[in-house]
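Note that the numbering used here numbers the sequence shown so that position 32 is 32, with each residue one more than the last. All C-beta atoms in this analysis are idealised placements derived from N, C-alpha and C, irrespective of residue type, glycine included.
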Amino acid sequence: MLNRLAKNAKNSAFEYVYYLIIFLLIIFGICAFIDNELWKDMFLVNEFKFFDYNENPFIYYLKIFSIILSFALITYIVMKIVRKSRV
Numbered sequence: 001m002l003n004r005l006a007k008n009a010k011n012s013a014f015e016y017v018y019y020l021i022i023f024l025l026i027i028f029g030i031c032a033f034i035d036n037e038l039w040k041d042m043f044l045v046n047e048f049k050f051f052d053y054n055e056n057p058f059i060y061y062l063k064i065f066s067i068i069l070s071f072a073l074i075t076y077i078v079m080k081i082v083r084k085s086r087v
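In structure tokens:
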């Protein structure tokens, strides 16, 4: 899907908006990752995970979705750079 959008967006104003949205999603996902302190859970620093039950579930799932999407986009970008460097 990203390849198809990239092909259709060559040399247009949509291309800049497209890259801006991707960049903002990556930044928001990384900030949510740090804000939720998921890195502590990854490295087993926390013995117990405390959840904020007063947080809106929509906001919580939006943060989790943005974290997943940002790491997927970062992986996609890195793989694309690695493929270009091989050729």
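Our two residues, GLY29 and VAL87, have alpha carbons roughly 31 Å apart in a direct line. According to the DSSP assignment, PHE33 belongs to the alpha helix (DSSP H) that extends over 13 to 35. Put simply, the backbone Cα of ILE77 is about 15 Å away from that of ARG4. In the DSSP assignment, TYR53 falls outside any alpha helix (DSSP H) and carries neither an H nor an E.
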